[in-house]
Amino acid sequence: MGMKFFGASVLRKEDPALLTGKGRYVDDVKLPGMLHAAFVRSPYAHALIKSIDKSAALALPGVVAILTHDDLPEPMRSRRLPLYVPHPAIKQTFMPWVLAKDETCFAGEAIAIVVAESRYIAEDAAALVEIDYDVLPASIDPREAIVEGAALAQQGAVNNIVTQVPVKIGDTDKAFAQAAHVFREQFALHRGGPFFMECRGVVADWDAHTEQLTVHASSQGSHRFKRTFIDLLDLADNQVRVITNDVGGGFGPKGSFYVEYGALAAATMVVGKPVKWIEDRRENFVATQQERDQYWDMEVAVDENAKLLGLRGRLVHDGGAYVTWGLVLPWIAATSVIGPYVLPNYQLELIVAMTNKITCSPVRGAGRPQGCFVMERMMDRIAQEFGLDRAEVRRRNFIQPDQFPYKVGLIFRDGRPVTYDSGDYPKSQQMALDYMDWDNFRTRQEEALKQGRYIGIGLSNAVEGTGLGPYEGATIRVSTSGKIVVFTGATPQGQSHKTTLAQIAADHLGVSYEDVSVVTADTATIPFGMGTFASRTAVNAGSSVHLAAIEVREKIKKIASELLEVSPDDLELKDGAVEVRGVPGMRKTFRELAYNAVGLYGFSMKADRDPGLEATSYFKPEQSTYANSCHVAEVEVDIETGHVKVTRVLVNHDCGNVINPMIVEGQIVGGVAHGIGNALFEKLLFDESGQPLTTSFADYLLPMATDVPNVETLHTETPSPLNPIGVKGAGEGGTIAVIAAIISAVEDALRPFNARLTQMPISPEKIVQVVLDAKGKQ
Amino acid sequence: MSDTRKIAVTVNGKRHEAEVESRLLLVDFLRHTLDLTGTHVGCEHGVCGACTVMVDGHSARSCLMFAVQANGKSITTIEGLTQADGKLSILQEAFQNNHGLQCGFCTPGMLITLSEHLRDNPDPTEEDLREVLTGNLCRCTGYQAIVAAGLDAAQKMRDANAENA
Chain P
29 MGMKFFGASV LRKEDPALLT GKGRYVDDVK LPGMLHAAFV RSPYAHALIK
79 SIDKSAALAL PGVVAILTHD DLPEPMRSRR LPLYVPHPAI KQTFMPWVLA
129 KDETCFAGEA IAIVVAESRY IAEDAAALVE IDYDVLPASI DPREAIVEGA
179 ALAQQGAVNN IVTQVPVKIG DTDKAFAQAA HVFREQFALH RGGPFFMECR
229 GVVADWDAHT EQLTVHASSQ GSHRFKRTFI DLLDLADNQV RVITNDVGGG
279 FGPKGSFYVE YGALAAATMV VGKPVKWIED RRENFVATQQ ERDQYWDMEV
329 AVDENAKLLG LRGRLVHDGG AYVTWGLVLP WIAATSVIGP YVLPNYQLEL
379 IVAMTNKITC SPVRGAGRPQ GCFVMERMMD RIAQEFGLDR AEVRRRNFIQ
429 PDQFPYKVGL IFRDGRPVTY DSGDYPKSQQ MALDYMDWDN FRTRQEEALK
479 QGRYIGIGLS NAVEGTGLGP YEGATIRVST SGKIVVFTGA TPQGQSHKTT
529 LAQIAADHLG VSYEDVSVVT ADTATIPFGM GTFASRTAVN AGSSVHLAAI
579 EVREKIKKIA SELLEVSPDD LELKDGAVEV RGVPGMRKTF RELAYNAVGL
629 YGFSMKADRD PGLEATSYFK PEQSTYANSC HVAEVEVDIE TGHVKVTRVL
679 VNHDCGNVIN PMIVEGQIVG GVAHGIGNAL FEKLLFDESG QPLTTSFADY
729 LLPMATDVPN VETLHTETPS PLNPIGVKGA GEGGTIAVIA AIISAVEDAL
779 RPFNARLTQM PISPEKIVQV VLDAKGKQ
Chain R
85 MSDTRKIAVT VNGKRHEAEV ESRLLLVDFL RHTLDLTGTH VGCEHGVCGA
135 CTVMVDGHSA RSCLMFAVQA NGKSITTIEG LTQADGKLSI LQEAFQNNHG
185 LQCGFCTPGM LITLSEHLRD NPDPTEEDLR EVLTGNLCRC TGYQAIVAAG
235 LDAAQKMRDA NAENA
């Protein structure tokens with residue numbers, strides 16, 4: 029059948045409600061008798077809790093309860109949060125308690141929860157809780173933390189090394205011994221935090237009569253939250269329901285289960301009323317997980333033609349206080365280094381350090397931008413050393429289109445060998461270069477320099493593992509009214525699932541996408557789900573919707589063929605009914621068929637039928653799909669102030685088949701803005717005692733409307749052979765490669781000063797320093 | 085603590101009288117007293133702009149105002165932007181047509197800021213709109229589609245005015 033909606037830029041189903049103030053975000057939930065919570069948080073990066081005095085706070089009118097660790101219900105009191113992604117290489121698995129027990133390991137860690145009649149009173153009372161601490165030495169810089177004798181980030185730890193694992197392809201030492209040239213670079217890479225516009229929040233409601241916990245949460249995966257509540261409280265599956273309605277951005281860290289959520293469950297169980305907690309922005313800066321720092325010390329070996337022979341070095345990753353995400357981030361970074369290039373030998377010593385900072389979590393791109401940055405900046409370095417065009421060095425090292433499926437020689441974060449499914453990297457880069465008139469940029473640059481303007485151009489390629497497993501599911505049900513509903517565990521935060529999944533279903537069911545309702549992230553509607561992260565929903569949920577819709581279509585045809593006494597092959601689905609092809613009056617509506625499919629009270633059902641017009645599918649990808657992109661950026665640098673103006677960004681992106689071009693475009697453009705923040709603005713600062721210094725949007729700068737250009741895009745569509753709809757992920761591709769492209773462009777603009785930039789972000793101060801240093805030498 | 089005042093505020097054309105705590109923020113009054121949850125709280129320190137509402141015709145941060153400061157004033161929120169028949173306004177429609185929102189959380193502030201700007205500047209340039217939007221943060225869209233929506237709406241408003249003239 030023809031695809032009418034798949035591939036079309038249809039308008040979003042989400043928009044009318046969101047444009048008229050009718051969204052339903054977690055802080056919009058209001059339950060009868062609802063109370064409000066605030067947290068008492070550690071002011072120290074590392075301390076022992078000696079005593080807690082709640083009396084003054086409890087005396088405040090309107091305060092209902094104050095819970096510390098000792099007040100938590102069992103078994104939560106005896107259990108730390110479960111580790112989501114265990115790995116045998118993780119040597120020390122420190123996970124947090126719900127409310128710190130006797131030690132706090134970062135400034136901002138929750139120690140007590142105050143429940144009151146209003147948030148205002150709860151905050152007043154939180155300030156009155158008196159806690160006596162013994163301040164302990166803190167471990168802040170991950171490079172220092174892993175040295176023997178460093179202050180321990182956790183009492184009882186052997187050292188501050190969570191894990192130390194080798195990454196290996198081929199025989200790297202041999203390759204280096206035979207290399208024509210070896211170059212070394214040290215990279216300091218910072219990724220900041222998510223900084224979604226809607227802070228985190230939870231409304232928890234324990235019904236003591238039915239013994240059921242209902243939780244409204246701003247999340248990226250309601251089913252994972254449900255599992256954690258079950259783990260912490262030993263409840264049965266029927267006793268927990270988690271609902272995520274509209275979410276104001278996620279970008280990774282809303283996928284984590286936080287101790288605050290456990291504390292909210294405890295609070296509603298203790299006070300017997302619903303309790304709401306909405307994170308404020310200051311809390312968001314000290315208690316929502318961040319991606320922060322990686323330090324790479326790398327050497328590259330090349331032959332006399334600038335072809336890669338090997339790469340080796342060490343990566344130190346700042347894991348923060350707890351190991352919630354284990355090896356995930358540095359592992360993705362380590363495997364993303366290879367990108368679209370043939371790298372025969374690779375050896376990396378990967379170290380995850382424990383520090384007294386907030387736990388590290390994936391943020392849009394999740395380690396991929398850092399891996400990409402390392403390889404792309406190395407490419408630029410090789411070009412510089414050889415006096416070659418930067419594009420030419422890349423051309424000489426590309427994996428060629430006839431090499432797919434291409435086995436890189438490493439195991440990815442999905443547990444499967446990194447095997448690129450499809451792509452055409454040389455063509456992708458060439459399209460981008462042609463579009464940006466790359467070859468003539470030097471002329472433009474010289475012209476500009478004559479006018480005293482410093483302009484530069486940079487490029488960067490990335491291959492991105494997307495569509496990670498294990499599965500996502502979809503149930504499609506035709507209601508007895510004839511209305512079609514899709515239920516899925518996918519948990520959108522702006523990605524438009526309610527539109528794109530409806531587009532996929534509509535084509536198979538012969539209706540408009542507007543006639544398909546999509547219900548996301550309510551654990552009462554579908555038993556299993558993983559949620560939305562790792563650019564995985566189009567691949568996983570999209571494929572499930574596709575498969576389930578086909579099954580429903582066949583059920584519709586089967587029942588109609590019996591009622592109309594025709595062959596199913598003669599039937600077609602059209603406008604909410606099924607019709608005998610060429611006989612317009614001979615039809616059954618979905619309403620009639622759905623009614624029939626339910627069965628009649630007391631009557632026997634036909635043996636070959638299941639009840640209801642519905643089907644469920646869980647698509648389980650055998651491995652990740654690999655999207656790719658080529659980014660080219662142009663900048664103008666003011667050498668007096670260090671200000672960088674990003675003047676142009678082009679993204680040539682390949683995410684396989686595109687369900688909705690308008691939405692993919694939005695993901696790419698928005699992703700670029702995030703990357704511009706990472707390249708130029710966003711930096712979380714801590715002092716030597718671990719105090720966060722950036723705790724407002726006045727200290728931590730997000731890109732504004734004047735900081736980003738109109739992003740230009742090209743699309744290559746290389747369908748993935750790994751799923752029935754040929755798609756790959758699109759949510760992070762805008763961000764990953766743009767950071768290296770911008771830094772490359774800044775370095776290019778500063779050619780007269782022999783700049784070499786190996787860090788992100790680049791501050792105006794750093795640029796001015798580079799210029800002054802060069803002038804001093806002249 | 086229980087220092088309260090009586091206020092009367094007109095919101096989206098409807099008059100409300102209430103006795104509120106002096107320290108109650110205007111945004112909390114709108115969201116939790118009047119249940120107008122379309123206005124959002126993003127930072128509570130006046131940077132992100134998600135809480136922007138119109139106070140006597142001028143955009144203002146409702147997280148930086150107390151409800152008592154709105155006494156006697158007329159306020160417009162996102163709920164008040166739709167046309168009388170409930171249809172989307174030209175600006176709201178332009179946001180949908182240009183994919184000017186993703187998660188939708190910054191949207192109420194964006195709509196109010198642009199409503200005010202387009203009212204006073206019917207023929208803005210792209211640079212004008214980018215400048216005026218520096219008071220509103222968006223993490224999803226990269227602003228491009230919001231700017232496009234603003235320009236699109238301005239054109240349609242001018243066309244509509246020309247027809248009515």
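Chains as they are written, first to last, in our numbering: chain P, 29 to 806; chain R, 85 to 249. For each residue, glycine too, the CB sits at the ideal point set by N, CA and C. Everything numeric in this text was worked out from a predicted model, so none of it was measured.
Cutoff 6 Å; reference residue i; Cβ partners in own chain excluding five residues on either side
i, result
"residue 160 of chain P", "78 and 79"
"residue 398 of chain P", "217, 322 and 361"
"residue 154 of chain P", "66, 68 and 142"
"residue 722 of chain P", "712, 713 and 728"
"residue 84 of chain P", "156"
"residue 736 of chain P", "701 and 704"
Buried or exposed (CB count within 10 angstroms, at least 16 for buried), residue i
i, result
"residue 464 of chain P", "buried"
"residue 219 of chain P", "buried"
"residue 473 of chain P", "buried"
"residue 404 of chain P", "buried"
"residue 246 of chain R", "exposed"
"residue 732 of chain P", "buried"
"residue 41 of chain P", "buried"
"residue 634 of chain P", "exposed"
"residue 184 of chain P", "exposed"
"residue 276 of chain P", "buried"
"residue 631 of chain P", "exposed"
"residue 811 of chain P", "Here chain P covers residues 29 to 806 and nothing more, so residue 811 of chain P does not appear."
"residue 422 of chain P", "buried"
"residue 471 of chain P", "exposed"
"residue 402 of chain P", "buried"
"residue 203 of chain R", "exposed"
Span of the alpha helix (DSSP H), counted from its first residue to its last, around residue i
i, result
"residue 617 of chain P", "First-last for residue 617 of chain P: 611-617, but that is the beta strand (DSSP E), not the alpha helix (DSSP H)."
"residue 364 of chain P", "356-364"
"residue 174 of chain R", "174-181"
"residue 254 of chain P", "250-261"
"residue 573 of chain P", "565-592"
Supposed contact pair residue j and residue i - C-beta distance, whole angstroms, cut 8 Å
i, j, result
"residue 171 of chain P", "residue 344 of chain P", "5 Å"
"residue 289 of chain P", "residue 230 of chain P", "5 Å"
"residue 224 of chain P", "residue 223 of chain R", "6 Å"
"residue 448 of chain P", "residue 426 of chain P", "Residue 448 of chain P to residue 426 of chain P, Cβ: 12 Å. No contact."
"residue 108 of chain P", "residue 124 of chain P", "6 Å"
Run of the beta strand (DSSP E) containing residue i, from where it starts to where it stops
i, result
"residue 231 of chain P", "229-235"
"residue 697 of chain P", "Careful: residue 697 of chain P lies outside any beta strand (DSSP E), inside the alpha helix (DSSP H) at 689-708."
"residue 770 of chain P", "First-last for residue 770 of chain P: 766-777, but that is the alpha helix (DSSP H), not the beta strand (DSSP E)."
Sequence-distant residues of its chain with Cβ nearer than 8 Å to residue i (five each side left out)
i, result
"residue 523 of chain P", "560, 565, 691, 695 and 759"
"residue 194 of chain P", "375, 376, 377 and 378"
"residue 225 of chain R", "183, 184, 185 and 186"
"residue 186 of chain P", "119 and 120"
"residue 603 of chain P", "538 and 539"
Distance cut-off 8 Å: residue i Cβ against heavy atoms of the ligand GDP
i, result
"residue 216 of chain P", "For the ligand GDP, the structure offers nothing, since it holds no ligand at all."
Interface residues of chain B facing residue i [CB-CB closer than 9 Å]
i, result
"residue 701 of chain P", "The chain inventory of the structure shown lacks chain B, comprising the protein chains P and R."
7 Å CB neighbourhood of residue i in its chain, flanking five on each side removed
i, result
"residue 789 of chain P", "218, 706, 707, 708, 709, 710 and 711"
For this session: Select from the segment 217-242 of chain P all residues with a C-beta closer than 9 Å to any C-beta belonging to chain R, and list them in chain order.
Result: Hits within the stretch, in order: 222, 223, 224, 225, 226 and 227.
Problem set entry | the segment 516-530 of chain P: positions lying closer than 9 Å to chain R by Cβ | Residues of the segment 516-530 of chain P whose Cβ lies closer than 9 Å to any Cβ of chain R, in chain order: 520, 521, 522, 523 and 524.
For this session: Mind checking the segment 283-311 of chain P against chain R and listing, in chain order, the residues whose C-beta falls within less than 7 Å of any C-beta there?
Result: Within the segment 283-311 of chain P, those residues whose Cβ lies closer than 7 Å to any Cβ of chain R are, in chain order, 308 and 309.
Problem set entry | Contact residues within the segment 713-737 of chain P, judged by C-beta distance below 9 Å to chain R | Listed by position along the chain: 724, 725, 726, 730, 731, 732, 733, 734, 735, 736 and 737.
Problem set entry | Interface residues of the segment 372-391 of chain P facing chain R [CB-CB below 9 Å] | Residues of the segment 372-391 of chain P with a C-beta atom less than 9 Å from some C-beta of chain R do not occur.
Problem set entry | Residues in the segment 111-127 of chain R having any Cβ partner in chain P nearer than 9 Å | So the close ones are 112, 115, 116, 119, 120, 121, 122, 123, 124, 125, 126 and 127.
Exercise. At a Cβ cut of 8 Å, what residues of the segment 156-175 of chain R count as close to chain P, listed as they run along the chain?
Worked result: Only those residues of the segment 156-175 of chain R whose C-beta falls short of 8 Å from the nearest C-beta of chain P are listed: 161, 162, 163, 165, 166 and 172.
Exercise. When Cβ atoms are compared, which residues of the segment 679-692 of chain P fall closer than 9 Å to chain R?
Worked result: Those would be 690 and 691, in chain order.
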